[in-house]
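By this note's numbering, the letter at position 252 of the sequence shown is numbered 252, and the numbering carries on one by one without gaps. Ideal Cβ placement from N, Cα and C applies to all residues, glycine included. Here the structure is a predicted model, which means the values were calculated and not measured.
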Amino acid sequence: MKYPIVSSSDGREALTRYREGNSPELSVSWTGDGENMSLASERAIAAKILSVWQASQGKRTNKTKQREDFEISACRPFRDYINSLPVEVMMDPGYWTYLSLEYFLDVITWRHPGNSDFGNFGVIPPRLHESLLGRLYLRADLVQGTNLVEIEGQDLWRSHILRVKIGNSPAMTSAFLNSVNELGLELQVFRDLAKRITALRSNVCYEVIDSKEASLIVDFEVPKSLEAVRIKESLKIEKATKDRNTNSTRKSKAT
């Protein structure tokens, strides 16, 4: 089967033209053997995602919340579409670049306004997992489409799952997110927890462990993170108290 692709270099050129206010003039080519792939299903998912995009803008006035709503609502149908594709199509970076620029250029620009990183637009193959479409797919696929996709927080998903080794394992991703959600872990705690789990990756192959084993690892590390953050906050308070006392002493001497 032949399918459409856009090379990373052509994609970057098209994106540059678009940002300069010109038509992207996307250079699409077809690769593979046999008959051309039907574009009906990709047009359908594009219409679905655009509908979700429009709906998200009417729900809340806060733009950050709008973007969270969009990613939560869009990730599951997009994941289902990608998983319906032949393996050679879904694994080809050129197809992701094509999808990003052919159908979702305005959406990605809305999600990442201004002169945001080109990586968001799927034109840098080694960083497809950080592109908007890549993140939508992985957000739903790593947790098998469960309600864990609804946990909000761009920093949580992008920095502490997709950019690190946690995101290589559906079992570890789900265990980590379950812990964050059920225990209500605050930012500093789940940041510390993510670092600990990532560090353990040198001794544990997360790709082969099951959900029970992943949960045991996370449960073992959570108290360490809680204690580390508690100590860190205590030291901050202690330092602030000492600084205030020192300043008070200096003022007293000055008078």
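Would you grab the beta carbon distance between residue i and residue j for me? Rounded to a whole angstrom, and I think it's under 8 Å.
| i | j | result |
| --- | --- | --- |
| Asn260 | His112 | In this structure the chain extends from 1 to 255, so residue 260 is not present and cannot be described. |
| Ala171 | Ser234 | About 34 Å separates the two Cβ atoms, so there is no contact after all. |
| Ile45 | Phe78 | 6 Å |
| Val143 | Ser174 | 5 Å |
| Glu35 | Met1 | 6 Å |
| Ala140 | Arg76 | 5 Å |
| Ser73 | Ser84 | At roughly 19 Å, the Cβ-Cβ gap does not stay under 8 Å, so Ser73 and Ser84 are not in contact. |
| Val204 | Phe190 | Actually they do not touch by this definition, with Cβ atoms about 19 Å apart. |
Among the options, which residue has its Cα nearest to the Cα of residue i?
| i | options | result |
| --- | --- | --- |
| Tyr95 | Gly32, Phe70, Glu227 and Lys224 | Gly32 |
| Leu183 | Trp157, Ser225 and Glu238 | Ser225 |
| Val28 | Gly58, Leu105, Trp110 and Thr97 | Thr97 |
| Glu68 | Tyr18, Ile124 and Asp155 | Asp155 |
| Pro4 | Asn181, Glu102 and Gly145 | Glu102 |
| Met37 | Glu88, Ala55 and Glu20 | Glu88 |
| Ser9 | Val123, Asn147, Thr241 and Phe190 | Val123 |
| Arg127 | Val164, Gln57 and Gly145 | Val164 |
| Gln188 | Ala228, Ala214, Ile209 and Glu207 | Ala228 |
| Tyr81 | Thr16, Asn147 and Leu99 | Leu99 |
| Glu213 | Phe176, Lys239 and Ser202 | Phe176 |
| Lys63 | Arg158, Trp110, Pro125 and Lys239 | Trp110 |
| Tyr18 | Ile151, Thr146 and Phe104 | Phe104 |
| Gly153 | Lys65, Thr61 and Gly58 | Lys65 |
Let me confirm a value: residue i is counted as buried when at least 16 other C-beta atoms fall within 10 Å, else exposed. Which label applies?
| i | result |
| --- | --- |
| Ala199 | exposed |
| Ile161 | buried |
| Arg230 | exposed |
| Ala47 | exposed |
| Glu186 | exposed |
| Glu71 | buried |
| Ile237 | exposed |
| Asn178 | buried |
| Trp30 | exposed |
| Asp117 | exposed |
| Gly114 | exposed |
| Asp106 | exposed |
| Pro93 | buried |
| Gly167 | buried |
| Val149 | buried |
| Val6 | buried |
| Gly11 | buried |
| Leu138 | buried |
| Leu216 | exposed |
Exercise. Does the region 47-59 touch the region 15-28, meaning 3 or more C-beta pairs lie closer than 8 Å?
Worked result: No: the two stretches stay apart, fewer than three of their Cβ pairs being nearer than 8 Å.
> Between the region 133-153 and the region 35-42, are three or more C-beta pairs nearer than 8 Å?
Replying inline: Not touching, per the Cβ criterion.
(Q) Does the contact criterion of 3 or more C-beta pairs under 8 Å hold for the region 189-199 versus the region 211-224? (A) At 8 Å Cβ cutoff, the stretches touch.
At what residue ranges does the region 40-124 contain a whole run of the alpha helix (DSSP H), taking only runs of 4 or more? Runs of the alpha helix (DSSP H) inside the region 40-124: 40-59, 63-83, 87-90, 93-103 and 105-111.
Practice item. May I have a chain-ordered list of the alpha helix (DSSP H) segments no shorter than 4 residues that lie completely inside the region 163-220? Key: If we require 4 residues or more, the alpha helix (DSSP H) runs fully inside the region 163-220 come out as 170-183 and 187-200.
Enumerate, from N- to C-terminal direction, the unbroken alpha helix (DSSP H) stretches of 4 or more residues contained entirely within the region 5-41.
-> Correct list: 8-19.
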